[in-house]
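Everything below concerns the one structure shown next.
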Amino acid sequence: MRPQFHFLSSVLLIFAALKVYPDLGMNALWLFIGSFGIDFDYYLFYIYVTGDYNLGRMLKHYEKHRTDTGQIRIFHTAEFLILMTVGSFYFKFIKLTLVGMVLHILLDLLDLIIMRRNYRRRYFFITNWIREKFIIKR
54 MRPQFHFLSS
64 VLLIFAALKV
74 YPDLGMNALW
84 LFIGSFGIDF
94 DYYLFYIYVT
104 GDYNLGRMLK
114 HYEKHRTDTG
124 QIRIFHTAEF
134 LILMTVGSFY
144 FKFIKLTLVG
154 MVLHILLDLL
164 DLIIMRRNYR
174 RRYFFITNWI
184 REKFIIKR
């Protein structure tokens, strides 16, 4: 799903959360960080692959390669979600961030289903690491 849709859904999530839970106040921003900030891993992946820190070039790279198969997005992995779930039992801000992340990932999956996108995303860091370290010899 394109970043502008995630941005819009994040803003709508904040408004809905504040309507239902007005006591959230500024803590509602953690929802935004989870639902929109999760895509920061695209920028991290771009830096890792290219060594370039330019945000404008990263956005162009994203448009060109967003449906490439096999890319690992660390904040989109099951392991990171499990880590966030454990942390959510101890810290309110992590719980709110996790809610935003889950919304983001559900929207990504819905986008893949509705648009009938035919590419795979790697949702497990461990299996990706094992594949690249021990199975695929370069």
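Basically this note's numbering = 1-based index in the sequence shown + 53.
Each residue gets a CB set at the ideal place from its N, CA and C atoms; glycine is no exception.
Neighbourhood of residue i by C-beta distance below 7 Å, restricted to the same chain and skipping five residues each side
i	result
residue 71	77 and 81
residue 86	150 and 153
residue 158	129
Environment of residue i [buried if 16+ CB atoms lie within 10 Å]
i	result
residue 151	buried
residue 129	buried
Proximal residues to residue i (C-beta, below 6 Å), its chain only, five neighbours per side dropped
i	result
residue 164	54
residue 140	147
residue 63	85, 88 and 89
Nearest-angstrom Cβ-Cβ length linking residue i and residue j, presumed shorter than 8 Å
i	j	result
residue 197	residue 66	With the chain running from 54 to 191 in the structure shown, residue 197 is simply not present.
Note to self: Counting beta carbon pairs with one atom in the region 92-112 and one in the region 125-145, are three or more of them shorter than 8 Å?
What the structure shows: yes
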